[in-house]
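Novice:
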């Protein structure tokens with residue numbers, strides 16, 4: 014239960030979780046020190062540690078709902094998902110977890126998709142699953158729904174933003190039930206979590222993180238599907254886009270992706286030609302296997318550390334920026350910077366964003 018307690022503790026996200034694990038070797042030991050780090054980051058009140066009672070209640074309620082937990086050190090944990098910058102320490106799932114072990118392809122696109130786009134997505138998903146791929150999407154309206162329906166009889170995974178017990182959108186209740194029986198529903202949110210707006214980008218990184226490649230079937234220039242495509246590029250995945258009519262605003266995003274180097278997709282063979290060789294390439298490096306470093310930063314005095322934390326905060330706003338860029342601006346060692354950022358995150362003063370980014374917590378932003 015220590016792993017569940019640590020990830021459910023206030024201000025502990027995936028990056029902070031694995032940082033603590035590398036420093037202290039186990040979730041149990043990290044729980045002893047996490048409050049100390051939060052205080053060093055400027056938290057003026059006690060950190061809310063998840064209690065043994067609360068996580069036990071969540072655990073048993075999840076099992077009673079027919080779902081299961083998948084922890085980061087489980088052999089069944091998806092290999093590709095392990096390689097992203099911020100893999101979920103704990104997943105909750107219903108259905109056939111073995112589907113995540115097959116080669117996966119993400120299929121995403123517009124919620125208000127055209128009939129032709131939905132038809133193409135459904136055909137594409139059916140052909141991909143027949144070729145041995147698991148089709149991954151987000152169970153949203155439009156392209157997501159079509160992709161799941163096309164692959165339902167073979168292999169599909171739905172990554173959802175809320176708790177495993179929350180069906181969104183409501184009209185996909187029957188599809189949700191069918192995927193539970195024939196496919197896999199996957200989330201990192203605790204049971205009972207409502208699918209709020211801020212959770213969808215986190216969900217999107219799971220779609221790309223599970224997948225060798227991501228296909229965008231139809232998307233406007235400001236579509237959330239382009240966020241998934243960006244995560245895919247950041248994670249080293251292949252990105253495909255289906256071209257659309259220039260005067261259709263729903264095709265603006267996919268056409269732009271092609272202009273910027275995404276693979277143009279017109280048939281399922283276009284995907285297989287690119288991904289076939291990748292499946293037999295050497296495995297990607299696994300950041301979870303990085304060597305442990307239990308040494309805390311001793312090169313900075315408390316006064317220097319406090320000064321540097323304020324300097325870090327002065328560079329930040331409510332708009333996320335790349336953490337590597339921030340570290341270069343601070344002109345300090347990686348180890349010192351990593352510890353200072355961890356303490357600020359645990360204190361709730363900064364928030365990690367998917368894609369190795371960070372920003373000020375909204376209430377603290379200028």
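Numbering (the numbering used here), first residue to last: 14 to 379. No residue lacks a Cβ here, since even glycine has one placed at the ideal position from N, Cα and C. Quick caveat, the model's predicted, so the values are computed rather than measured.
My guess is that residue 267 and residue 255 are in contact by the Cβ rule of under 8 Å, so how many angstroms apart are they, rounded?
Specialist: Yes, residue 267 and residue 255 are in contact; Cβ-Cβ is about 6 Å, under 8 Å.
Novice: Please report how far the alpha carbon of residue 166 lies from the alpha carbon of residue 147, in whole angstroms.
Specialist: When rounded, the distance between both Cα atoms is 11 Å.
Novice: So what does DSSP say about residue 255, is it helix, strand or coil?
Specialist: Reduced to three states, the DSSP call for residue 255 is coil.
Novice: Could you name the residues of the same chain whose beta carbon sits closer than 6 Å to that of residue 308, not counting the 5 residues immediately before and after it, in chain order?
Specialist: Confidence at residue 308 is low in this model, with a pLDDT of 47, below 50, so the placement of that residue should be treated as unreliable; the coordinate-derived value is given next. The answer is none, since no qualifying residue turns up.
Novice: In angstroms, rounded to a whole number, what distance separates the CA positions of residue 334 and residue 187?
Specialist: For residue 334 and residue 187, the distance between alpha carbons rounds to 40 Å.
Novice: Does DSSP put residue 324 in a helix, in a strand, or in coil?
Specialist: Looking at residue 324 - three-state DSSP - the assignment turns out to be helix.
Novice: Within 10 Å of its beta-carbon, does residue 347 have 16 or more other beta-carbons around it, so buried, or fewer, so exposed?
Specialist: When all chains shown are included, residue 347 counts as exposed.
Novice: Do you know whose CA, among 163, 151 and 168, lies nearest residue 180's CA?
Specialist: The shortest C-alpha separation from residue 180 is found at 151.
Novice: Based on the DSSP output, what are the partners of residue 173 in its beta bridges?
Specialist: BP columns for residue 173 are empty, so no partner.
Novice: When the Cα of residue 343 is compared with those of 357, 327, 332 and 358, which residue comes out closest?
Specialist: Nearest of 357, 327, 332 and 358 to residue 343, Cα basis: 327.
Novice: Given this structure, state the Cα-to-Cα distance separating residue 51 from residue 287, to the nearest angstrom.
Specialist: Approximately 46 Å between the Cα atoms of the pair.
Novice: Using the beta-carbon count (16 or more within 10 Å), is residue 263 buried or exposed?
Specialist: That one is buried.
Novice: Return the residue from the list 199, 370, 361 and 368 that minimises the CA-CA distance to residue 59.
Specialist: Nearest of 199, 370, 361 and 368 to residue 59, Cα basis: 361.
Novice: In this structure, how does DSSP classify residue 57 when only helix, strand and coil are distinguished?
Specialist: Residue 57: coil per DSSP, three-state reduction.
Novice: Taking just the CA atoms, how far does residue 189 sit from residue 79?
Specialist: Spanning the two alpha carbons is a distance of roughly 14 Å.
Novice: Can you tell me whether residue 73 is helix, strand or coil according to DSSP?
Specialist: Three-state DSSP puts residue 73 in a helix.
Novice: Below 8 Å, can you find three or more Cβ-Cβ pairs linking the segment 227-236 to the segment 202-210?
Specialist: Verdict: no, contact absent.
Novice: By Cβ distance, which residues of its chain are closer than 7 Å to residue 246, with the 5 residues on each side in sequence left out?
Specialist: 252.
Novice: In the DSSP output, which residue or residues are listed as bridge partners for residue 107?
Specialist: DSSP lists 198 as partners of residue 107.
Novice: Rank 71, 105, 321 and 325 by C-alpha distance to the C-alpha of residue 193 and give the top, closest one.
Specialist: Checked all of 71, 105, 321 and 325; the closest Cα to residue 193 is 105.
Novice: From this set, 134, 183, 175 and 176, which residue's C-alpha is nearest residue 162's C-alpha?
Specialist: The option with the nearest alpha carbon to residue 162 is 134.
Novice: Roughly how many angstroms separate the alpha carbons of residue 203 and residue 352, rounded to a whole number?
Specialist: Their Cα atoms are separated by approximately 27 Å.
Novice: Please report the residue range of the beta strand (DSSP E) in which residue 209 lies.
Specialist: Taken as a continuous stretch (DSSP letters only), residue 209 belongs to no beta strand (DSSP E), as it is neither H nor E.
Novice: Which residues in the same chain as residue 47 place their Cβ atom closer than 8 Å to its Cβ, once the five residues preceding and following it in sequence are excluded?
Specialist: Excluding positions up to five away in sequence, the list reads 19, 22, 25, 33, 60, 62 and 359.
Novice: DSSP on residue 32, reduced to helix/strand/coil?
Specialist: If DSSP states are grouped into helix, strand and coil, residue 32 belongs with the helices.
Novice: Thinking C-alpha only, which one of 330, 129 and 325 is nearest residue 230?
Specialist: Taking only the C-alpha atoms, the option nearest residue 230 is 129.
Novice: So, helix, strand or coil for residue 50, using DSSP?
Specialist: In this structure, residue 50 counts as helix in the three-state DSSP scheme.
Novice: Of the choices 272, 108 and 155, whose alpha-carbon is the least far from that of residue 121?
Specialist: Minimum Cα distance to residue 121 is reached at 155.
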